[in-house]
Every structure is written in structure tokens, then in C-alpha cells.
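All residue numbers for the sequence shown refer to the UniProt record's numbering, where the first residue is 1 and numbers rise by one. Cβ atoms here follow ideal geometry from the backbone N, Cα and C, with glycine treated the same way. Here the structure is laid out as C-alpha cells; the discussion comes afterwards.
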Amino acid sequence: MDAQADPKRQVVDREETRRDCPVCPNTVEDTEHVFFNCIRFEEGREKLHRQLQDVARPENIVQLMLADEKN
Ligand SMILES: [Zn+2]
Numbered sequence: 001m002d003a004q005a006d007p008k009r010q011v012v013d014r015e016e017t018r019r020d021c022p023v024c025p026n027t028v029e030d031t032e033h034v035f036f037n038c039i040r041f042e043e044g045r046e047k048l049h050r051q052l053q054d055v056a057r058p059e060n061i062v063q064l065m066l067a068d069e070k071n
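Structure follows, in C-alpha cells:
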């Protein structure tokens, strides 16, 4: 018998909550990292910064990003 071909062994084992950032090695991709540190969004942050003449903060980052999407 070939036990390795048993389809019941296909267990979903993804770590949704603690994954590494795809562009920053050895860095956990959490919300704070993505918004404030990740190089992936550096361009977007600079654009926001220029538009608003203000530093994006946790209190306003969501509103800023939503506003940016609408325009
Ligand atoms: Zn990153």
C-alpha cells in the first residue's frame, strides 16, 4: 500500500499570522512594518507625506490611505 498518496494527509498548515515580509528578509510582516518600515510602500508613504505635509501616524494612516484610494 502507498500511504504517502493518501489525500487525507494534505493538511493545511499555513502560518497566516506570522509570515515574513516577502521583500524584507528576517522581518515579520505585520501592520506596523508594512505601513511604516517596509520598502514596498516607501513610494506611497512619500507621496502621502508630500501631499499632506505631515507624517503618517497610526491614528491617521488608515484615513489617509482611504482618502488616497478615492482620488
Ligand atoms: Zn517589508
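Contact under 8 Å by Cβ, Arg-50 with Val-23:
no
Run through DSSP, which three-state label would Val-28 get?
strand
Expressed to the nearest angstrom, what Euclidean distance is found between the alpha-carbon atoms of Glu-15 and Glu-29?
Caution is warranted here: a pLDDT of 49 is assigned to Glu-15, below 50, making its placement in the model unreliable, and no coordinate value can be reported.
If the criterion is Cβ atoms closer than 8 Å, does the pair Leu-48 and Asp-68 meet it?
yes
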